[in-house]
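Letter 220 of the sequence shown, counting from 1, is numbered 220 in UniProt numbering, and no numbers are missing.
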Amino acid sequence: MFDVSRGLWPDLGNYLCVEETSMALNEGPSSSAENEDEERTGNNDEDDLDPEGKDNDGSDGDWDSEDDELDHGDSAYGSDQAEFSEDTYPELRIQADGELDIAAFDNFLELLYEVCLTLCTETFIAGQPGSTLLVYFSGILGFSKDCQHFLLARQYCPQLSGLIYMQRLLLLERALPLRPYHIIGIPQRPHTQQLERLNEIRAEHMVLGSQSPLAELVSLRNFGRTIARTEPPSILFYWSDDGETVSNGSLQLTMDKFRELPEYFTSRAEELCGSLMYGLEPDIDLASVKDDLANSQSGYCFIKHPANGLESAYKELLIRAYSSSKGALARDGHWRWPIVMSYLKQVTELEEMLAGGLYVEGGSCPRVRELFALECENGPFTSCGIYVWGGSVVYVARHHKAKRQTNREFYVVRFLPARLSRAMYLYLVYIRRLANLLRREQVGHSEIVQKNSDERNERLLFHVNGKAWSTSHLTEILVKATSKIWNQAINVRLYRQLAIAITERHVREVYTPFNRYDDLSSGADRNAVFAWQSGHRPLQRETTYGLDGA
Numbered sequence: 001m002f003d004v005s006r007g008l009w010p011d012l013g014n015y016l017c018v019e020e021t022s023m024a025l026n027e028g029p030s031s032s033a034e035n036e037d038e039e040r041t042g043n044n045d046e047d048d049l050d051p052e053g054k055d056n057d058g059s060d061g062d063w064d065s066e067d068d069e070l071d072h073g074d075s076a077y078g079s080d081q082a083e084f085s086e087d088t089y090p091e092l093r094i095q096a097d098g099e100l101d102i103a104a105f106d107n108f109l110e111l112l113y114e115v116c117l118t119l120c121t122e123t124f125i126a127g128q129p130g131s132t133l134l135v136y137f138s139g140i141l142g143f144s145k146d147c148q149h150f151l152l153a154r155q156y157c158p159q160l161s162g163l164i165y166m167q168r169l170l171l172l173e174r175a176l177p178l179r180p181y182h183i184i185g186i187p188q189r190p191h192t193q194q195l196e197r198l199n200e201i202r203a204e205h206m207v208l209g210s211q212s213p214l215a216e217l218v219s220l221r222n223f224g225r226t227i228a229r230t231e232p233p234s235i236l237f238y239w240s241d242d243g244e245t246v247s248n249g250s251l252q253l254t255m256d257k258f259r260e261l262p263e264y265f266t267s268r269a270e271e272l273c274g275s276l277m278y279g280l281e282p283d284i285d286l287a288s289v290k291d292d293l294a295n296s297q298s299g300y301c302f303i304k305h306p307a308n309g310l311e312s313a314y315k316e317l318l319i320r321a322y323s324s325s326k327g328a329l330a331r332d333g334h335w336r337w338p339i340v341m342s343y344l345k346q347v348t349e350l351e352e353m354l355a356g357g358l359y360v361e362g363g364s365c366p367r368v369r370e371l372f373a374l375e376c377e378n379g380p381f382t383s384c385g386i387y388v389w390g391g392s393v394v395y396v397a398r399h400h401k402a403k404r405q406t407n408r409e410f411y412v413v414r415f416l417p418a419r420l421s422r423a424m425y426l427y428l429v430y431i432r433r434l435a436n437l438l439r440r441e442q443v444g445h446s447e448i449v450q451k452n453s454d455e456r457n458e459r460l461l462f463h464v465n466g467k468a469w470s471t472s473h474l475t476e477i478l479v480k481a482t483s484k485i486w487n488q489a490i491n492v493r494l495y496r497q498l499a500i501a502i503t504e505r506h507v508r509e510v511y512t513p514f515n516r517y518d519d520l521s522s523g524a525d526r527n528a529v530f531a532w533q534s535g536h537r538p539l540q541r542e543t544t545y546g547l548d549g550a
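Following this line, the structure appears as structure tokens:
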């Protein structure tokens with residue numbers, strides 16, 4: 001179809017698509033004026049694929065697939081419309097008369113888009129879903145890698161979610177094209193009546209009960225989620241008789257060894273802080289540090305609270321780093337770039353130790369994406385995730401998975417131990433701000449602006465050029481630490497399961513359940529009388545008046 005030797009496309013008239021598919025894809029008006037006169041087709045919300053808001057591709061029930069080593073983060077597309085250049089698709093470089101034939105790439109991608117649409121809109125034969133290529137291919141994805149058995153439902157459903165997500169994007173672009181596709185005859189979306197155009201595609205291909213691959217895959221995934229709840233856990237742990245040793249396959253771990261991991265992250269973080277502070281030892285009293293958890297002003301954090309006087313504290317570290325007799329960052333008014341690079345490398349290592357500490361200390365493990373979504377200060381539309389409260393550094397994780405299922409926020413506040421709180425304080429107040437200054441100087445020195453840098457996301461606690469760390473980054477940190485401490489490599493997913501198993505076995509024995517809102521039973525807190533005196537029940541009082549530190 002494509003003449004590689006000439007780098008040119010042949011006559012498209014020789015390559016026609018199936019007549020039925022071509023009519024379905026190419027039919028439609030050729031101008032916006034004609035589009036407005038089209039027959040409008042509505043659709044009731046009850047017929048949609050997601051009538052109750054439960055059809056979320058990212059929601060994996062209780063499978064914890066978001067903690068896998070595979071990271072499915074934001075692809076960071078710079079534009080909805082593809083722009084082609086030599087740097088965009090280096091693997092597709094084809095020379096025509098010594099120049100890059102960009103038009104050929106554009107034509108090729110349009111034809112590829114048409115193929116994808118053909119698969120998404122394929123018609124069932126004799127009412128059998130398996131007659132379409134996508135549904136048939138989804139069955140192949142249900143085999144194990146060695147093709148010796150079928151995957152469990154919790155392993156198979158994420159495969160379907162990927163197919164569903166991509167079909168939605170393709171059909172949305174078909175309903176409301178951002179730009180015209182001249183080769184395959186799809187006009188650009190009109191400026192009016194866009195909802196009517198979208199409903200036409202929804203009614204035919206995206207509604208529950210329609211004979212389309214998307215509807216079939218969504219139905220199959222919903223059934224798979226129901227089956228997954230009846231399957232045994234993916235990981236089973238076994239305990240010794242004395243309850244001090246837990247094992248799973250080749251993993252065998254004592255509780256004394258388990259406690260060494262938090263100590264490793266904390267001790268290493270303290271060592272790095274001592275090196276990066278150039279002998280500066282500020283008097284830190286976290287109990288006296290002021291913070292305002294209700295302050296939503298953009299850019300605010302406890303460092304900028306006027307009562308703390310910490311906004312310029314990092315300059316004292318800068319002076320020490322500049323004038324130090326050993327390992328000074330500058331000399332005679334010029335930066336010593338090899339030493340600066342070594343300093344920034346140590347800062348990155350400190351960030352990794354802090355990330356490990358935040359993950360394994362301060363209570364049960366957070367989900368990795370929620371940990372890496374923490375921000376050091378308020379943004380225009382986001383809230384700070386690091387606070388100082390009650391003499392401790394705390395971080396607030398927003399449980400996005402629960403919000404997708406219930407449409408309600410779910411917050412978990414974790415208090416860091418004293419030593420790790422101090423290391424985090426030094427990093428935020430002194431080291432991080434100095435490192436940001438050095439990185440800005442580095443960019444100015446090299447005169448190279450990092451293309452992937454996103455200033456809006458530099459508020460993230462853990463980021464590289466404004467992009468949040470991936471799940472695999474924490475996996476590397478944890479594997480390296482556990483290999484050194486336990487002589488066994490443990491990834492993020494297994495550690496989270498392990499921590500939950502230890503919590504269920506040991507922490508429940510020393511934890512006494514209580515109902516903070518109980519004011520009627522014999523075991524009720526006597527302080528509930530104060531809520532009664534103001535004419536409230538405890539739950540109503542705390543909800544209405546924002547008590548308990550809000």
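From the three backbone atoms N, C-alpha and C, an ideal C-beta is built for every residue, glycine too.
If you're wondering where the values come from, they're calculated on a predicted model, not measured in any experiment.
Quick one, which of the options has its alpha-carbon nearest residue i's?
i: Thr-475; options: Glu-352, Arg-439, Arg-414; result: Glu-352
i: Ala-355; options: Gly-127, Ala-321, Leu-460; result: Leu-460
i: Glu-504; options: Gly-243, Asn-107, Gly-142; result: Gly-243
i: Ile-431; options: Val-388, Leu-151, Lys-345, Gly-127; result: Lys-345
i: His-399; options: Val-393, Glu-409, Gly-391; result: Glu-409
i: Leu-438; options: Leu-220, Ala-330, Ser-234, Ile-485; result: Ala-330
i: Ala-175; options: Ala-126, Ala-435, Leu-117; result: Leu-117
i: Glu-110; options: Ser-522, Ile-184, Ser-161, Pro-338; result: Ile-184
i: Leu-169; options: Gln-148, Thr-192, Cys-147, Leu-198; result: Leu-198
i: Val-135; options: Pro-180, Phe-108, Val-218; result: Val-218
i: Phe-237; options: His-305, Ser-521, Tyr-495, Asn-515; result: Tyr-495
i: Phe-137; options: Arg-229, Tyr-156, Glu-196; result: Tyr-156
i: Ala-153; options: His-182, Tyr-165, Ile-125, Leu-220; result: Leu-220
i: Arg-493; options: Trp-486, Ser-472, His-506; result: Ser-472
i: Ser-275; options: His-191, Ile-339, Asp-146; result: Ile-339
i: Ala-103; options: His-182, Lys-290, Leu-141, Arg-367; result: His-182
i: Gln-167; options: Ser-312, Pro-232, Pro-213, Phe-108; result: Pro-213
i: Ile-485; options: Phe-223, Arg-433, Leu-261; result: Leu-261
i: Glu-370; options: Glu-361, Ser-364, Ala-397; result: Ala-397
i: Leu-286; options: His-463, Ile-502, Gly-390, Ile-477; result: Gly-390
i: Glu-311; options: Leu-293, Leu-416, Ala-328, Val-289; result: Val-289
Name the DSSP bridge partner or partners of residue i?
i: Gly-245; result: According to the sequence provided, residue 245 is Thr. The question's Gly does not apply to it. Bridge partners of Thr-245: Thr-254.
i: Trp-389; result: Ser-392
i: His-334; result: Arg-331
i: Glu-375; result: Leu-460
i: Arg-367; result: Arg-367 pairs with nothing; no bridge assigned.
i: Phe-415; result: Val-394
i: Ala-468; result: His-463
i: Trp-239; result: Val-246
i: Tyr-181; result: Ile-186
In chain order, what residues of the same chain have a beta carbon less than 6 Å from the beta carbon of residue i, not counting five sequence neighbours either side?
i: Ala-468; result: Phe-372, Leu-460
i: Glu-270; result: Ala-423
i: Ser-324; result: Tyr-278
Who are the near neighbours of residue i in its chain, counting only those whose CB is closer than 8 Å to its CB and skipping five residues on each side?
i: Ser-144; result: Phe-150, Leu-151
i: Glu-91; result: Any answer about Glu-91 is weak, because its pLDDT of 49 lies below 50 and its placement is not dependable; what the coordinates show is given next. So the list is empty, once near-sequence residues are dropped.
Short of 7 Å in beta carbon distance, which residues of its chain neighbour residue i, apart from the five on each side in sequence? Order them along the chain.
i: Glu-441; result: Trp-335
i: Tyr-395; result: Leu-358, Leu-374, Gly-385, Ile-386, Arg-414
i: Ala-313; result: Val-429, Tyr-430
i: Ser-131; result: Phe-124, Ile-125
i: Asp-291; result: Phe-302, His-305, Tyr-387, Val-388, Trp-389
Between residue i and chain C, is there a C-beta pair that is closer than 9 Å?
i: Arg-189; result: Absent from the structure is chain C; it holds one protein chain and no more.
task = Would you check if the segment 256 to 269 and the segment 471 to 483 touch, i.e. whether three or more CB-CB distances between them fall below 8 Å?
result = Contact holds: three or more Cβ-Cβ distances are below 8 Å.
key: Inter-stretch contact (C-beta, 8 Å, three-pair minimum) for the segment 317 to 333 and the segment 274 to 282   = Yes: the two stretches touch, three or more of their Cβ pairs being nearer than 8 Å.
query = Which ranges does the beta strand (DSSP E) cover as unbroken runs of at least 3 residues, wholly within the segment 118 to 165, from first to last along the chain?
reply = Those beta strand (DSSP E) runs which fall completely within the segment 118 to 165 and span 3+ residues do not exist here.
request  = Inspect the CB distances between the segment 297 to 317 and the segment 372 to 383 and report whether three or more fall short of 8 Å.
outcome  = With the cut-off at 8 Å, the segment 297 to 317 and the segment 372 to 383 touch.
ask   = Can at least three beta-carbon pairs, one atom from the segment 157 to 164 and one from the segment 230 to 247, be found at a separation below 8 Å?
value = Contact fails: fewer than three Cβ-Cβ distances are below 8 Å.
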